[in-house]
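S.K.: Take this structure, written in structure tokens, and hold onto it; I'll ask about it next.
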């Protein structure tokens, strides 16, 4: 009995050693030589595998960096400048300073919540709802509110707001762009964070003619062009009945915010009480009257 | 009695508007005619603001292959050529016409006499179908001139007429059979001639015994028209299922009915074909059912295309009941809820179904318990529960490998699911993704 056990142990042990040796030889012979720099770069990256850089994941991004030897055209948005500087040091190349970006939801919740025009009870997916009809708000361009963007976010930075339109948490948002890609209506855009986190943007993507857009939503951009005229730095253009503010030119003076008749232009991050409530209605009246009077005369 | 072999369900039939004879809906003050009333590209408007048009005049011309002509359903002045939101809120190019009088094109034969002889050659028939803007009225609105133009190297052996009307509530085809059986049979004979097939089979479900009796009676006067009673089962009216039920043949995955020698046409279409070929009347009218359990009265109407849903509702029942949950265009299984009641009706609309709030709501969704009911119900032999999981996890390649594109979106899986999972929705989403993936690969 003991002899049998002994034989088994010896045979299996010998086999084990033999195969281990074989594996070692094979592993040495077919070794994949990888640049150790890739590991180092990958170590620096956030490791979220968000795909915001356009690569399959963080490892693929690191490989691309090392292969290219410089950082041209490559940027890890979640890591930001800190991570980019570190990679630059590792690779020994200079890194351009990028402007911090943030996801912006360009839709005003005018027909959401209690004011919905229809009741959607199908699959909770924006991608599907967009193929079925205009959505609960009645606007064929606006947010559908099923939260495909919320599901796409890996950083817990976007959540459904109380009025059925997602709200971005600017502190958590890494501008990876996953939400913008997930949105079938292209409502979400990556824009710069702006100085002191102050930014101005057109919160609408409706390209319908003014009257039709107004029927869809009272906060829609009607493409009247008032903002375009008032902008001192020509950052605003109106194409296809829709105004767009070029954030690289915008100086956040907020003249357009006051001018917009449908309040489609939003300002974020400005100190609220000093400016917002008081001068706004006056300014609207002041500009509205002189325009109206010559027309009558 | 015959039926298709795989899957199928038995939804409540609710054919409550069966006995309502077809009435004529009066013409409104303004008509909006969409240019995109068919499968494919929109027609190009050939009229301008201020033009005078007559009933039946061409206003939208088919300039691409997959397109159909659009004709004016009314006489009057063109108000504008603009866009209009359809029943689902999507903007589409449209011609607005202010109605003035009721002046028809001289070429249209408006006499009630039935014209039996058709001297046209098959090629001429197809050309005329194209000219008259005929599309399939079974729901898909596939342009008829493409369907009846059999590609080289293929041969049609069977012409199958779909009179199954398996969708709950719908009765327009039934009324057409009862009231216009002879015209339909002439239309079928014309289509038979166009295809050069010896026999045409009319598939009628056995829940319409009167229609079966009447059609059999009338079809006796015509050569090569055979009425085929079918066992009641949804989706009998689906092209591939009807072919299976009538001929026993199976259309292989990714193939068309013509690949097994079959052409399927809807009963309503045969009536339109008769009017187009024999009476020179383009497709400017729909026969549609106005029905609903809570409605004071049930109706079947002949409606000019371009009449809005609101006009139809106002004329037939006055106003919607307070408890209305959904207004559906089509039946309960495949119909779509209308969100814009000011939208004009288009070719192929078969009903205005008013559903009660409680009746129309979907049940609360719960988890899949792997009972397999959806697999048993699927008439295409697919695995809906599997697609649901694959689509949810974005596994598009695998969904394609499991033939997701074979799905006919009949809704049997959702109907049979005890967990109320929106399986059909998920599959439709998956199909879109697969198509996008295939387009990107090209």
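Chains as they are written, first to last, in the numbering used here: chain L, 973 to 1269; chain H, 196 to 637.
Ideal Cβ positions, reconstructed from N, Cα and C, are used throughout, including at glycine.
#1: Give the residues from the segment 1174–1196 of chain L that approach chain H closer than 8 Å (Cβ to any Cβ), ordered along the chain.
#2: Please list, in chain order, all residues of the same chain as residue 209 of chain H whose beta carbon is under 6 Å from its beta carbon, the five residues on each side excluded.
#3: Counting only runs of 3+ residues fully inside the segment 392–444 of chain H, write out the beta strand (DSSP E) ranges in chain order.
#4: In angstroms with no decimal places, state the Cα-to-Cα distance between residue 1026 of chain L and residue 197 of chain H.
#5: Is it buried or exposed for residue 1249 of chain L, if we count other Cβ within 10 angstroms and need 16 for buried?
#6: Who are the neighbours of residue 617 of chain H on chain L, taking C-beta pairs under 8 Å?
#7: Quickly, what does DSSP pair residue 353 of chain H with across the bridge? List them, please.
#8: Could you tell me whether the Cβ atoms of residue 1184 of chain L and residue 1200 of chain L are closer together than 7 Å?
#9: Using a beta-carbon distance below 7 Å, is residue 1209 of chain L in contact with chain H?
#10: Could you compute how far the alpha carbon of residue 471 of chain H sits from the alpha carbon of residue 1238 of chain L?
#11: Starting from residue 474 of chain H, trace the alpha helix (DSSP H) in both directions and tell me its first and last residue.
#12: Contact criterion: CB-CB distance below 7 Å. Does residue 1100 of chain L meet it with respect to chain H?
#13: Given this structure, state the Cα-to-Cα distance separating residue 628 of chain H from residue 593 of chain H, to the nearest angstrom.
#14: Looking only at its own chain, which residues have a Cβ that is under 6 Å from the Cβ of residue 1119 of chain L, when we skip the five neighbours before and after it?
#15: Quick check on the burial criterion: 16 or more other C-beta atoms within 10 angstroms. Buried or exposed for residue 499 of chain H?
#16: Can you give me the Cβ contacts of residue 624 of chain H inside the same chain, cut-off strictly under 7 Å, excluding the 5 residues immediately before and after it?
#17: Using 8 Å for Cβ pairs, my map puts residue 419 of chain H next to residue 387 of chain H. What's the rounded Cβ distance?
#18: Consult DSSP for residue 1163 of chain L and reduce its assignment to one of helix, strand or coil.
#19: Whole angstroms are fine: how far does the CA of residue 222 of chain H sit from the CA of residue 634 of chain H?
#20: Who are the near neighbours of residue 1263 of chain L in its chain, counting only those whose CB is closer than 7 Å to its CB and skipping five residues on each side?
#21: Can you check which of these residues, L:979, L:1000, L:1235, is closest to residue 1080 of chain L by C-alpha distance?
#22: Note down the Cα distance separating residue 1107 of chain L from residue 1138 of chain L, rounded to an integer number of angstroms.
#23: Using the Cα positions of residue 370 of chain H and residue 488 of chain H, report the straight-line distance between them to the nearest angstrom.
#24: Please classify residue 342 of chain H: does DSSP put it in a helix, a strand, or coil?
#25: What does the Cβ neighbour count give for residue 517 of chain H, buried or exposed, with the cut at 16 atoms within 10 Å?
#26: Please state the DSSP three-state secondary structure of residue 1132 of chain L.
#27: Looking at the C-beta of residue 1090 of chain L, does it have a partner C-beta in chain H at a distance below 7 Å?
#28: Can you tell me where the alpha helix (DSSP H) holding residue 1178 of chain L begins and where it ends?
#29: Runs of 4 residues minimum, wholly inside the segment 565–624 of chain H: which ones carry the alpha helix (DSSP H) assignment?
#30: Measuring straight from C-alpha to C-alpha, what distance separates residue 636 of chain H and residue 630 of chain H?
#31: In this structure, does DSSP put residue 539 of chain H in helix, strand or coil?
#32: Work out the CA separation of residue 610 of chain H and residue 368 of chain H for me, nearest whole Å.
#33: Output the boundary residues of the alpha helix (DSSP H) element that contains residue 244 of chain H.
#34: Do residue 1124 of chain L and residue 917 of chain L come within 7 Å of each other at the CB atom, strictly closer than that value?
#35: Can you confirm whether residue 1112 of chain L, when its beta carbon is compared against all beta carbons of chain H, has any partner nearer than 7 Å?
#36: Check the C-beta distance from residue 331 of chain H over to residue 460 of chain H and give it rounded, since I have them as a contact under 8 Å.
M.R.: Taking the coordinates as given:
#1: 1180, 1184
#2: Residues 363, 364 of the same chain have their beta carbon placed closer than 6 Å to that of residue 209 of chain H, with the five preceding and five following residues left out of the count.
#3: Secondary structure in the segment 392–444 of chain H: the beta strand (DSSP E) runs of 3 residues or longer, each lying completely within the stretch, are 394–400, 420–425 in chain order.
#4: 56 Å
#5: Confidence at residue 1249 of chain L is low in this model, with a pLDDT of 47, below 50, so its placement is unreliable and the value that follows should be read with caution. Counting the other CB atoms within 10 Å of its CB gives residue 1249 of chain L a total below 16, which places it among the exposed residues.
#6: 1094, 1095
#7: Listed as beta-bridge partners of residue 353 of chain H by DSSP are H:394, H:457.
#8: In this structure, the beta-carbon distance from residue 1184 of chain L to residue 1200 of chain L does not fall below 7 Å.
#9: no
#10: Spanning the alpha carbons of residue 471 of chain H and residue 1238 of chain L requires a straight line of approximately 56 Å.
#11: Taken as a continuous stretch (DSSP letters only), the alpha helix (DSSP H) holding residue 474 of chain H covers 462–474.
#12: yes
#13: 12 Å
#14: 1132
#15: buried
#16: 586
#17: 6 Å
#18: strand
#19: 44 Å
#20: Here the model assigns residue 1263 of chain L a pLDDT of 38, short of 50, so the residue's position is not dependable, and the following value carries that caveat. Counting only Cβ-Cβ distances below 7 Å, and skipping sequence neighbours, we find nothing.
#21: L:1235
#22: If I take the Cα positions, the gap works out to 15 Å.
#23: 19 Å
#24: In the three-state DSSP reduction, residue 342 of chain H falls in the helix class (H, G or I).
#25: Exposure of residue 517 of chain H is indicated by the presence of fewer than 16 other C-beta atoms within 10 angstroms of its C-beta.
#26: strand
#27: yes
#28: From DSSP, residue 1178 of chain L is part of no alpha helix (DSSP H); its letter is neither H nor E.
#29: 568–572, 579–587, 591–596, 607–611
#30: 10 Å
#31: DSSP places residue 539 of chain H in strand when its eight states are reduced to three.
#32: 24 Å
#33: It is not in any alpha helix (DSSP H) - residue 244 of chain H carries neither H nor E in the DSSP assignment.
#34: Residue 917 of chain L is absent from the model: chain L starts at 973 and stops at 1269.
#35: yes
#36: 7 Å
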